[in-house]
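Visitor: Read in order, the letters of the sequence shown are residues 17 to 507 in my numbering.
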Amino acid sequence: MAINSRQIQNQAQQQTLTLSPQQILAVKLLELPTVELEERVHAELLDNPALEEGKEPAEEPDGETDYNTDEDGEPITDSADDLALGDYRTEDDIPDYKLRENNRSADERAEEIPFSDTVSFYETLKEQLDMQDLTPKEKQLGEYLIGSLDDDGLLRKSLDTLTDELAIYQGISTTPDELERVLSVIQEFDPAGIGARSLQECLLLQIGRKEDSPLKQTELDIIGKCCDDFTRKNKDKILQKLGITDEEYQQAVAELTKLNPRPGSSLGEAIGKNLQQIVPDFTVETDDDGTLSLSLNSRNVPELRLSRTFTELLDEHTRNRANQSRESRDALLFLKQKVDAAQGFINAVKQRQQTLMSTMQAIIDLQRPFFEEGDESLLRPMILKDVAERARLDISTVSRVSNSKYVQTDFGVFPLKFFFSDGYTTESGEELSVREIKRILKEFVDHENKEQPYTDDELADLLKEKGYPIARRTVAKYRQQLGIPVARMRR
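#1: Can you look up R508 in the DSSP assignment and give me helix, strand or coil?
#2: Would you check if the region 342-350 and the region 389-408 touch, i.e. whether three or more CB-CB distances between them fall below 8 Å?
#3: Taking all protein chains shown into account, decide if M398 is buried (16 or more other Cβ within 10 angstroms of its Cβ) or exposed.
#4: What are the partner residues of F298, as DSSP defines its beta bridges?
#5: Give a yes or no on whether the C-beta atoms belonging to R321 and G70 are separated by under 7 Å.
#6: Based on DSSP bridge pairs, tell me the residues matched to G428.
#7: In three-state DSSP terms, what is R248?
#8: For P385, which residues in the same chain have their Cβ closer than 7 Å to its Cβ, ignoring the five residues on either side in sequence?
#9: I'd like the span of the beta strand (DSSP E) that includes L215, first residue to last.
#10: With 16 other CB atoms within 10 Å as the buried threshold, where does S189 fall?
#11: For E68, report the span of its beta strand (DSSP E) as first-last.
#12: Taking 7 Å as the cut-off, decide whether the C-beta atoms of L46 and T375 are in contact.
#13: Could you name the residues of the same chain whose beta carbon sits closer than 6 Å to that of P192, not counting the 5 residues immediately before and after it, in chain order?
#14: Would you please state the rounded distance, in angstroms, between the beta carbons of L432 and K421? I believe it to be under 8 Å.
#15: Go to L348, then tell me how far its alpha helix (DSSP H) extends in each direction, as first and last residue.
#16: Is T140 buried or exposed, if buried means 16 or more other CB atoms sit within 10 Å of its CB?
#17: Answer with yes or no whether the minimum CB distance from A476 to chain C is below 7 Å.
#18: Do L498 and K466 have their beta-carbon atoms positioned less than 7 Å apart in this structure?
#19: For K482 and E194, I'd like the C-alpha separation in whole angstroms.
#20: Closer than 7 Å by C-beta to F427: which residues in its own chain qualify, once you throw out the five before and the five after it? Chain order, please.
#21: If we count the other Cβ atoms within 10 Å of its Cβ and call it buried at 16 or more, is Q496 buried or exposed?
#22: Alpha carbon to alpha carbon, how far is R172 from C218? Give it in angstroms, no decimals.
#23: Helix or strand or just coil, what does DSSP make of R451?
#24: Is it a yes or a no for the region 297-314 touching the region 244-254, going by three-plus beta-carbon pairs under 8 Å?
#25: Taking DSSP as the reference, what is the three-state secondary structure of R321?
#26: Around the C-beta of V418, are 16 or more other C-beta atoms found within 10 angstroms, so that it is buried, or is it exposed?
#27: From which residue to which residue does the alpha helix (DSSP H) around L475 run?
#28: Mapping DSSP to helix, strand and coil, what is S393?
#29: What does DSSP give as the partner residues of S437 in its beta bridges?
#30: Looking at the structure shown, is K232 part of a helix, part of a strand, or coil, going by DSSP?
#31: Using three-state DSSP, classify L457 as helix, strand or coil.
#32: Would you grab the beta carbon distance between I223 and I202 for me? Rounded to a whole angstrom, and I think it's under 8 Å.
#33: Report all residues from its chain with a CB closer than 6 Å to the CB of I210; omit the five preceding and five following residues, and keep chain order.
#34: Where does T190 sit, in a helix, a strand or coil, going by DSSP?
#35: Consult DSSP for Q468 and reduce its assignment to one of helix, strand or coil.
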């Protein structure tokens with residue numbers, strides 16, 4: 017029988033986003049809080065002799081090479097004989113900042129950036145991620161998943177949503193199945209329950225780490241098959257469904273109540289809140305005339321400039337390229353490498369400062385009443401898109417800034433995330449922050465009769481009387497976000 021084979025060639029158009037090494041460096045510096053930026057700058061000063069402390073001169077003297085940058089942030093010189101990337105003989109000769117961000121392993125990148133004595137929740141999980149046998153892409157996905165966890169250590173976003181975000185903001189093409197595989201690795205990290213997508217999954221992950229026993233199986237059955245009944249304390253239904261005795265049920269419940277439904281929160285308290293002192297990245301002060309002044313906290317971050325010695329040596333070697341020995345050529349490559357890296361770092365630090373100031377100024381403009389009065393009820397609904405549009409920045413950039421930065425105000429220190437919340441329009445057409453609705457909801461619960469606590473339907477009716485016609489399921493969602501249990505568990 018003759019077998020026919022043929023090759024089929026298909027042409028498809030695909031749009032991908034690729035960041036330049038200079039952009040990657042800028043992004044990494046942007047994510048660093050003030051304390052870690054200070055350490056990063058001092059480490060770069062020790063590593064690169066072409067970089068030194070001090071202000072850059074306003075003008076270069078006649079005859080000197082002017083080390084400006086092009087639109088991509090790359091150093092350029094007036095000399096037509098300046099070395100291009102292709103002039104480097106081997107990859108080892110190319111400046112570090114041009115290669116290292118893309119080609120180094122996660123371990124090497126972690127070693128480069130010195131951290132403070134205390135480690136954050138994100139860093140703790142990333143250290144565990146770096147110890148896994150994963151591909152570079154899987155580690156990228158893992159870092160994004162860790163960064164998407166909420167303060168409780170749970171993953172509230174769907175994998176479909178994260179797939180879209182990775183494609184739009186990171187230029188990474190993936191699938192929910194691929195994310196699921198990486199997430200399963202993260203769910204093996206400590207503390208147990210981290211990376212769960214629901215309370216049920218969180219508890220099951222913690223039970224799963226226990227040694228096998230009849231009691232463990234009972235716990236798995238209760239949470240796996242009767243989770244809703246368990247949270248509602250419907251003991252009789254559980255006994256009937258599982259066919260277990262009251263004693264077995266009580267033993268299992270005694271163990272289940274020891275589990276932590278918020279594994280990330282407990283980790284954050286142990287590592288961050290008790291040990292790590294917050295250093296504000298911004299200061300907002302009210303002047304005597306009532307105007308608000310914004311400043312960036314750079315008290316221990318020195319101004320940077322290119323070393324005059326290095327630039328003069330580079331200029332001299334560049335002018336004498338025609339008749340150079342091998343040693344002179346090697347010296348030129350070394351000088352070029354260090355000057356390029358120094359200029360790239362200076363540009364990234366400046367870009368960080370500009371981006372931070374633009375983002376914080378936009379937040380002040382949008383939330384000015386709060387910065388003037390300090391009244392939380394004056395906070396208006398605001399999302400990342402609002403700040404991004406006003407600051408003329410990408411949403412992902414604003415997200416990076418707001419995720420790890422703090423601001424010192426006349427009324428205390430606040431994380432930038434504090435100023436963000438969704439909005440709700442009342443019957444009268446007034447735009448109200450969800451934070452304000454949650455505050456009112458909490459007041460109702462705080463002042464309720466504990467012998468007859470309000471149900472979600474009753475809370476919805478009370479809010480409606482206040483002019484906020486919110487659905488019962490929305491009330492239930494806000495109640496859960498506030499950590500308030502259902503009515504029967506508040507007695």
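C-beta: ideal position from N, C-alpha, C; glycine also.
Guide: Concretely, from the data shown:
#1: For residue 508 there is no data in the structure shown, the boundaries of the chain being 17 and 507.
#2: no
#3: buried
#4: L312 and V423
#5: Yes, the pair counts as a contact, with Cβ atoms nearer than the cut-off.
#6: T425
#7: Here DSSP, grouped into helix, strand and coil, assigns R248 to coil.
#8: L394
#9: No beta strand (DSSP E) holds L215; the alpha helix (DSSP H) holding it covers L215 to G224.
#10: exposed
#11: L67 to E69
#12: no
#13: L175, D176 and T179
#14: 5 Å
#15: R342 to L382
#16: buried
#17: The structure shown has no chain C; it contains just one protein chain.
#18: Cβ distance not < 7 Å, so K466 and L498 don't count as in contact.
#19: 47 Å
#20: Excluding positions up to five away in sequence, the list reads G390.
#21: Classified as exposed, Q496 has fewer than 16 neighbouring CB atoms from the shown chains inside 10 Å of its CB.
#22: 12 Å
#23: The answer is helix: DSSP assigns R451 an H, G or I state.
#24: no
#25: strand
#26: Reading off the sequence shown, one finds Ser at residue 418, where the question assumed Val. Answer is buried; the Cβ neighbour count reaches 16.
#27: D472 to E481
#28: helix
#29: M398, per the DSSP bridge assignment.
#30: helix
#31: Reduced to three states, the DSSP call for L457 is helix.
#32: That belief does not hold up - the Cβ atoms of I223 and I202 are roughly 18 Å apart, past 8 Å.
#33: G169 and P279
#34: coil
#35: coil
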